[in-house]
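**Student:**
4 protein chains.
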Amino acid sequence: MANIGFIGLGNMGGPMASNLLKAGHSVTVFDLSEEAVAELSIQGAKAASSVEQVCDNAEFVVSMLPAGKHVRMIYCGENGLINHLNKSTLVIDCSTIDAESAQFVGNELAKAGISFVDAPVSGGVAGAAAGTLTFIVGGTDADFNRANSILTDMGKNIFHAGNIGAGQVAKICNNMLLSILMAGTSEALQMGIDHGLDPKVLSEIMLNSSGRNWTLELYNPCPDVQENVPSTNGYKPGFMVDLMAKDLGLAQQAAQQTNSATPLGAMAKNLYNLMQNQGKGAEDFSAIFKLYSEK
Amino acid sequence: MANIGFIGLGNMGGPMASNLLKAGHSVTVFDLSEEAVAELSIQGAKAASSVEQVCDNAEFVVSMLPAGKHVRMIYCGENGLINHLNKSTLVIDCSTIDAESAQFVGNELAKAGISFVDAPVSGGVAGAAAGTLTFIVGGTDADFNRANSILTDMGKNIFHAGNIGAGQVAKICNNMLLSILMAGTSEALQMGIDHGLDPKVLSEIMLNSSGRNWTLELYNPCPDVQENVPSTNGYKPGFMVDLMAKDLGLAQQAAQQTNSATPLGAMAKNLYNLMQNQGKGAEDFSAIFKLYSEK
Amino acid sequence: MANIGFIGLGNMGGPMASNLLKAGHSVTVFDLSEEAVAELSIQGAKAASSVEQVCDNAEFVVSMLPAGKHVRMIYCGENGLINHLNKSTLVIDCSTIDAESAQFVGNELAKAGISFVDAPVSGGVAGAAAGTLTFIVGGTDADFNRANSILTDMGKNIFHAGNIGAGQVAKICNNMLLSILMAGTSEALQMGIDHGLDPKVLSEIMLNSSGRNWTLELYNPCPDVQENVPSTNGYKPGFMVDLMAKDLGLAQQAAQQTNSATPLGAMAKNLYNLMQNQGKGAEDFSAIFKLYSEK
Amino acid sequence: MANIGFIGLGNMGGPMASNLLKAGHSVTVFDLSEEAVAELSIQGAKAASSVEQVCDNAEFVVSMLPAGKHVRMIYCGENGLINHLNKSTLVIDCSTIDAESAQFVGNELAKAGISFVDAPVSGGVAGAAAGTLTFIVGGTDADFNRANSILTDMGKNIFHAGNIGAGQVAKICNNMLLSILMAGTSEALQMGIDHGLDPKVLSEIMLNSSGRNWTLELYNPCPDVQENVPSTNGYKPGFMVDLMAKDLGLAQQAAQQTNSATPLGAMAKNLYNLMQNQGKGAEDFSAIFKLYSEK
Numbered sequence: 048m049a050n051i052g053f054i055g056l057g058n059m060g061g062p063m064a065s066n067l068l069k070a071g072h073s074v075t076v077f078d079l080s081e082e083a084v085a086e087l088s089i090q091g092a093k094a095a096s097s098v099e100q101v102c103d104n105a106e107f108v109v110s111m112l113p114a115g116k117h118v119r120m121i122y123c124g125e126n127g128l129i130n131h132l133n134k135s136t137l138v139i140d141c142s143t144i145d146a147e148s149a150q151f152v153g154n155e156l157a158k159a160g161i162s163f164v165d166a167p168v169s170g171g172v173a174g175a176a177a178g179t180l181t182f183i184v185g186g187t188d189a190d191f192n193r194a195n196s197i198l199t200d201m202g203k204n205i206f207h208a209g210n211i212g213a214g215q216v217a218k219i220c221n222n223m224l225l226s227i228l229m230a231g232t233s234e235a236l237q238m239g240i241d242h243g244l245d246p247k248v249l250s251e252i253m254l255n256s257s258g259r260n261w262t263l264e265l266y267n268p269c270p271d272v273q274e275n276v277p278s279t280n281g282y283k284p285g286f287m288v289d290l291m292a293k294d295l296g297l298a299q300q301a302a303q304q305t306n307s308a309t310p311l312g313a314m315a316k317n318l319y320n321l322m323q324n325q326g327k328g329a330e331d332f333s334a335i336f337k338l339y340s341e342k
Numbered sequence: 048m049a050n051i052g053f054i055g056l057g058n059m060g061g062p063m064a065s066n067l068l069k070a071g072h073s074v075t076v077f078d079l080s081e082e083a084v085a086e087l088s089i090q091g092a093k094a095a096s097s098v099e100q101v102c103d104n105a106e107f108v109v110s111m112l113p114a115g116k117h118v119r120m121i122y123c124g125e126n127g128l129i130n131h132l133n134k135s136t137l138v139i140d141c142s143t144i145d146a147e148s149a150q151f152v153g154n155e156l157a158k159a160g161i162s163f164v165d166a167p168v169s170g171g172v173a174g175a176a177a178g179t180l181t182f183i184v185g186g187t188d189a190d191f192n193r194a195n196s197i198l199t200d201m202g203k204n205i206f207h208a209g210n211i212g213a214g215q216v217a218k219i220c221n222n223m224l225l226s227i228l229m230a231g232t233s234e235a236l237q238m239g240i241d242h243g244l245d246p247k248v249l250s251e252i253m254l255n256s257s258g259r260n261w262t263l264e265l266y267n268p269c270p271d272v273q274e275n276v277p278s279t280n281g282y283k284p285g286f287m288v289d290l291m292a293k294d295l296g297l298a299q300q301a302a303q304q305t306n307s308a309t310p311l312g313a314m315a316k317n318l319y320n321l322m323q324n325q326g327k328g329a330e331d332f333s334a335i336f337k338l339y340s341e342k
Numbered sequence: 048m049a050n051i052g053f054i055g056l057g058n059m060g061g062p063m064a065s066n067l068l069k070a071g072h073s074v075t076v077f078d079l080s081e082e083a084v085a086e087l088s089i090q091g092a093k094a095a096s097s098v099e100q101v102c103d104n105a106e107f108v109v110s111m112l113p114a115g116k117h118v119r120m121i122y123c124g125e126n127g128l129i130n131h132l133n134k135s136t137l138v139i140d141c142s143t144i145d146a147e148s149a150q151f152v153g154n155e156l157a158k159a160g161i162s163f164v165d166a167p168v169s170g171g172v173a174g175a176a177a178g179t180l181t182f183i184v185g186g187t188d189a190d191f192n193r194a195n196s197i198l199t200d201m202g203k204n205i206f207h208a209g210n211i212g213a214g215q216v217a218k219i220c221n222n223m224l225l226s227i228l229m230a231g232t233s234e235a236l237q238m239g240i241d242h243g244l245d246p247k248v249l250s251e252i253m254l255n256s257s258g259r260n261w262t263l264e265l266y267n268p269c270p271d272v273q274e275n276v277p278s279t280n281g282y283k284p285g286f287m288v289d290l291m292a293k294d295l296g297l298a299q300q301a302a303q304q305t306n307s308a309t310p311l312g313a314m315a316k317n318l319y320n321l322m323q324n325q326g327k328g329a330e331d332f333s334a335i336f337k338l339y340s341e342k
Numbered sequence: 048m049a050n051i052g053f054i055g056l057g058n059m060g061g062p063m064a065s066n067l068l069k070a071g072h073s074v075t076v077f078d079l080s081e082e083a084v085a086e087l088s089i090q091g092a093k094a095a096s097s098v099e100q101v102c103d104n105a106e107f108v109v110s111m112l113p114a115g116k117h118v119r120m121i122y123c124g125e126n127g128l129i130n131h132l133n134k135s136t137l138v139i140d141c142s143t144i145d146a147e148s149a150q151f152v153g154n155e156l157a158k159a160g161i162s163f164v165d166a167p168v169s170g171g172v173a174g175a176a177a178g179t180l181t182f183i184v185g186g187t188d189a190d191f192n193r194a195n196s197i198l199t200d201m202g203k204n205i206f207h208a209g210n211i212g213a214g215q216v217a218k219i220c221n222n223m224l225l226s227i228l229m230a231g232t233s234e235a236l237q238m239g240i241d242h243g244l245d246p247k248v249l250s251e252i253m254l255n256s257s258g259r260n261w262t263l264e265l266y267n268p269c270p271d272v273q274e275n276v277p278s279t280n281g282y283k284p285g286f287m288v289d290l291m292a293k294d295l296g297l298a299q300q301a302a303q304q305t306n307s308a309t310p311l312g313a314m315a316k317n318l319y320n321l322m323q324n325q326g327k328g329a330e331d332f333s334a335i336f337k338l339y340s341e342k
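Protein chains in written order, with the numbering used here: chain A, 48 to 342; chain B, 48 to 342; chain C, 48 to 342; chain D, 48 to 342.
The structure is reproduced here in structure tokens:
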């Protein structure tokens, strides 16, 4: 079992740290919220008195933070952990952030002799609690294998996308594509409905034809076609419009960096921005169906 | 075994009629091309000396024609078959045409006491030859069941989409969605490549995540990720850009009829129009990948 | 002064016929609404007892109808006017319809020796009343000149776009472009506002730079930048979202006919469809600004 | 006459500095290219031996640099000019950069008691030489007025857009709108041409109707409609596709910052990215017309 430092005990980080404890690891936690720290302490974690303390004797430091600037600051800012980490520690950043920040932090740590992988997750709060998250990892083969040994205690599918930063890139490629599947499926279903088709029948046909995609399989955006999906449950999230909009923003930022053309991705982003304008940011991202159906 | 009249022996109709013969049916064929008729005659078909003759004693009349105007003319034009068909005949139009024309012809025939289903196909020339086509059928339950009895000799998946015209609507909903999957997957893959990711690895990750869709499963648009797909074979079709553009035109026509909003479908249509402008109409529709990758 | 038959006395047709009377012409009118006919009779028009009667001794027949199918039916349907018109009559169809219908009717009339121009208008109900409409005319030079002699009694700008049908094409090209200017200007203004800029200042800068366009000059979509425009008046039309959506539908139909790529036009159409979905069809088309600004 | 320091003597900066000399100012110049410095020295400029030297006794420091990172570095990097500038100097940054960088540098200088305006230009190399540039300025009223006194020696239209950063925002709002006008006008013209209309006639009609915009007035994208425009001259720039793509990237970056929806702007950006993919980055930005017309 390993000594693990854990930074960031929010909606996702909390249950992730909890699962590491359940697996038998020794976990030292840090968060600005004393409540969050207390909660994990009850479950057996050690509370760090300062963020630097999570580095002490840590074989792994795992972080789960809101945005690139926080990750840059914690590791590479003034008094950054870069000055406190042991060379034998592997840093695993599970935050979903821009690839540029992941590469920057990874490279700075590398210069200081410290190993780093970016390992953004998908699967949401439910997946974090159940330990069924997906991790998409960027880093060397050796670091991936080492990270894998503890990521499997928090998740089910662990992918190795490539070098440092590749985890972030692969995740936003996937989520950009997902937004396109969701919007495209919604358009096709509503056009069928407008012509008198039954959405269950049309969904079944497309699911068994070349229109098949993840949203038709598991996350149909039209109410009452599938059970136990957000659309049938008043679009309660699930995965919020605001979070999808955030990921689509990261995707456009990445496209910008490489001059990549992404006309559908840019359109999907703007449709999600229109939903935010309409005050639907806190609904499930499948609520884009309503953009087409509400008349 | 049934008496079947068959009109339209082109790239698709020829092999379809051929499969009906192989299944033991008695088939009377008509086409403007004498060559096409001769080809089927060798295989055992009776050559009709006029289009009206396909109606004689026919339990089924199957047609496979290029556009709505041809279907309207053959059945409901001056000297249309509407005046020659028996009331016991079931008309099965397998053409991919606008839903409005299918509904018009179906309704006119109904007034004359003649049954009709629209049954557009997908699966391409290869599927027509192999008898593995998909049929999406619009019509009553009784007519669907009757049609089904001979469609299974030409295809593998037979769907019942709803009333007359619903076959056409479901097909273009599916193909509109397919074009969105193809373009969206191409964008996501190329953005990953632009950031240094291996398209095989990225494809594998998205295939096992929420980006999963038919194109990643069976028809990856990036060369050399999968074997035996058009992208790995110089984008030889397969399903031509020109045909996808035609279907997307029918989709926009249908959207127009019902004021349905289809921003991604409209965009995909225009991207395929741009490909036609660039002289790529005869390439496989997965060649949209080149719009993003060629630099 | 001329003998003129006038068909269609709606919101636009009524005041147009009225202006012909004021200019001293002898006008025979027909409409399905007896009220509309009575209204014009008071102003000095002769009421036709049947639509055929507008043809009697007419030097011009002017029509103002809702859609292509009405124009086809009135002129070329069973008992169409094609059988009643004199060869010396010039038919001037002022309806905004699809170019294909205009060409069909024009060609059928030509075969019967009757001259035809399509002459769709812009300028709205206010322009119809004030006699300041714009007419965009398709037809031969001779027919254009002849039409011009009475169009100047109803409008201010009379353009000759080309042959029969060209009037319709030019009008929808213009209106498609207008919708793009309106949506694009709205986006730019709101992005500026989101960054703290004053919309008056930004409008003034763009009006005097390369962003200059008709909407910034005369029809600013942001409330309180200009006086006496719909945006400053609660988006009371003006030119309704529903009418712009209709014209954009005709534009996409025309694009379809020639396989023309119009990605921005298709997008603008879909944004107007989304507004209709939101129940804003009766607001002025500049209300697209709210799609961006409402938060 | 004023003492002016000038940093960045490229295609734009060179002729701008030259115009300041012609107006009688005393100008001290710096550039990494010795050639560029020598060229200005011949015209009467003093060559600074280091970039710090441009600050000596300067009433104004003008900079013209490629991107935000250069502006940040020169002023606020290690050994940045922030440590060398007098409090009485007004810094005028004429670079086109992201608004965030302009605000960052402006705020840092303000903390050190030094005044700053951002003043991006439009008008191209020809306008720089002729002294007819447009400047869009962000800063306080007092600083704007002070800047204005020397900007008039380099340009014709000087706008005050708002506070620090507002010059950058207004410029990209305008250029985003311009790209939409250019693409939209190209679509409308080509759709007309596809239907047999003469582009000169259609341009004239739209120019006098609600489709009127700057591109129809002064920069028609269709060859041979206007004289002395890039389209009639083989699309020789003018304003390059690559530069428009850069500005559209800055626009999307700004939209990202504020979650602004810009569907048409995002689409225009992607169409320009597609042109870059096709190797047309060095052509004039009106060459987007070819995307629609080449068949």
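Glycine included, C-beta positions come from ideal geometry on N, C-alpha and C.
Put residue 245 of chain A into one of helix, strand or coil per three-state DSSP.
**Tutor:** Within the first sequence, numbered from 1, the residue matching residue 245 of chain A stands at position 198. It is coil, neither helix nor strand.
**Student:** Is there a Cβ from chain F that is less than 7 Å from the Cβ of residue 342 of chain C?
**Tutor:** In the displayed structure, chain F is absent; the protein chains listed are A, B, C and D.
**Student:** Buried or exposed for residue 134 of chain D, please, with buried defined as at least 16 other CB atoms from any protein chain shown within 10 angstroms of its CB.
**Tutor:** Your numbering for residue 134 of chain D matches position 87 in the fourth sequence. Exposed.
**Student:** Under 7 Å between C-beta atoms, does residue 303 of chain C make it to chain B?
**Tutor:** Position 256 of the third sequence, counted from the first residue, corresponds to residue 303 of chain C. Taking Cβ atoms only, chain B reaches closer than 7 Å to residue 303 of chain C, which makes this a yes.
**Student:** Residue 307 of chain B and residue 111 of chain A: beta carbons closer than 7 Å?
**Tutor:** For the purposes of this step, residue 307 of chain B is identified with residue 260 of the second sequence, where counting begins at 1. For the purposes of this step, residue 111 of chain A is identified with residue 64 of the first sequence, where counting begins at 1. Contact: no.
**Student:** Please state if the CB of residue 223 of chain B and the CB of residue 310 of chain A are separated by a distance shorter than 7 Å.
**Tutor:** To locate residue 310 of chain A, count along the first sequence from 1; it is residue 263. To locate residue 223 of chain B, count along the second sequence from 1; it is residue 176. For residue 310 of chain A and residue 223 of chain B, no; Cβs fall outside 7 Å.
**Student:** Considering just the uninterrupted stretch of the beta strand (DSSP E) at residue 143 of chain C, what are its terminal residues?
**Tutor:** As a first step, residue 143 of chain C must be located in the third sequence, where it is residue number 96. Taken as a continuous stretch (DSSP letters only), residue 143 of chain C belongs to no beta strand (DSSP E), as it is neither H nor E.
**Student:** Which runs of the beta strand (DSSP E) at least 3 residues long sit entirely within the segment 138-218 of chain A? Give them in chain order.
**Tutor:** The segment 138-218 of chain A contains these whole beta strand (DSSP E) runs: 162-165, 180-185, 202-209.
**Student:** Quick one, which of A:193, A:299, A:160 has its alpha-carbon nearest residue 48 of chain A's?
**Tutor:** Translated into positions along the first sequence, residue 48 of chain A becomes position 1. Here the closest residue by C-alpha is A:193.
**Student:** Express the C-alpha separation of residue 102 of chain D and residue 94 of chain D in angstroms, rounding to a whole number.
**Tutor:** By 1-based counting over the fourth sequence, the position of residue 94 of chain D is 47. By 1-based counting over the fourth sequence, the position of residue 102 of chain D is 55. Taking the straight line from one Cα to the other gives about 12 Å.
**Student:** For residue 91 of chain D, count the other beta carbons within 10 Å of its own beta carbon; 16 or more makes it buried, fewer makes it exposed. Which is it?
**Tutor:** Indexing the fourth sequence from 1 puts residue 91 of chain D at position 44. By the neighbour-count rule (16 or more Cβ atoms within 10 Å), residue 91 of chain D is not buried but exposed.
**Student:** Alpha carbons only, please: which of C:150, C:113, C:156 is nearest the one belonging to residue 131 of chain C?
**Tutor:** As a first step, residue 131 of chain C must be located in the third sequence, where it is residue number 84. It is C:156.
**Student:** Which residues mark the beginning and the end of the alpha helix (DSSP H) in which residue 65 of chain A is found?
**Tutor:** Locating residue 65 of chain A in the first sequence gives position 18, where the first residue counts as 1. That run of the alpha helix (DSSP H) goes 60-69.
**Student:** Would residue 186 of chain A pass as a contact of residue 180 of chain A if the rule is Cβ separation under 7 Å?
**Tutor:** Position 139 of the first sequence, counted from the first residue, corresponds to residue 186 of chain A. Position 133 of the first sequence, counted from the first residue, corresponds to residue 180 of chain A. In this structure, residue 180 of chain A does not lie closer than 7 Å to residue 186 of chain A by Cβ.
**Student:** For residue 65 of chain A, count neighbouring C-beta atoms within 10 Å of its own C-beta (all shown protein chains included) and say buried if the count is 16 or more, exposed if not.
**Tutor:** For this step, residue 65 of chain A is matched to residue 18 along the first sequence. With 16 or more other Cβ atoms within 10 Å, it is buried.
**Student:** Keeping to the same chain, check which residues put their C-beta closer than 7 Å to that of residue 234 of chain D; ignore five residues upstream and five downstream.
**Tutor:** Here residue 234 of chain D refers to the residue found at position 187 of the fourth sequence. These residues qualify, in order along the chain: 339.
**Student:** Counting contacts by CB-CB distance shorter than 7 Å, is residue 209 of chain D in contact with chain C?
**Tutor:** Walking along the fourth sequence from the start, residue 209 of chain D turns up at place 162. True, the Cβ-Cβ gap to chain C drops below 7 Å.
**Student:** Does any residue of chain D have a CB that is nearer than 7 Å to the CB of residue 50 of chain B?
**Tutor:** As a working note, residue 50 of chain B is residue 3 in the second sequence. With 7 Å as the cut-off, residue 50 of chain B does not count as an interface residue toward chain D.
**Student:** Whole angstroms are fine: how far does the CA of residue 216 of chain B sit from the CA of residue 210 of chain B?
**Tutor:** Stepping through the second sequence from its first residue, residue 210 of chain B is reached at position 163. Stepping through the second sequence from its first residue, residue 216 of chain B is reached at position 169. Looking at the two C-alpha atoms, the distance is approximately 10 Å.
**Student:** Run through chain A and tell me which residues come within less than 8 Å of residue 314 of chain D, C-beta to C-beta.
**Tutor:** Start at 1 with the first residue of the fourth sequence, and residue 314 of chain D comes out as number 267. The answer, in chain order, is 310, 313, 314.
**Student:** Note down, in chain order, every chain A residue with its Cβ under 9 Å from the Cβ of residue 280 of chain D.
**Tutor:** Within the fourth sequence, numbered from 1, the residue matching residue 280 of chain D stands at position 233. Those within 9 Å of residue 280 of chain D in chain A number zero; the least Cβ separation is about 27 Å.
**Student:** By the three-class DSSP mapping on this structure, what secondary structure does residue 48 of chain A have?
**Tutor:** In the first sequence, residue 48 of chain A corresponds to position 1, counting from 1. Coil, per DSSP.
**Student:** Would you verify that the beta carbon of residue 324 of chain D is, or is not, closer than 7 Å to some beta carbon of chain B?
**Tutor:** As a first step, residue 324 of chain D is located in the fourth sequence; it is residue number 277 there, counting from the start. By this cut-off, residue 324 of chain D is an interface position.
**Student:** Measuring alpha carbon to alpha carbon, tell me which residue in B:140, B:323, B:335 is nearest residue 214 of chain B.
**Tutor:** Numbered from its first residue, the second sequence carries residue 214 of chain B at position 167. Checking every option, the nearest Cα to that of residue 214 of chain B belongs to B:140.
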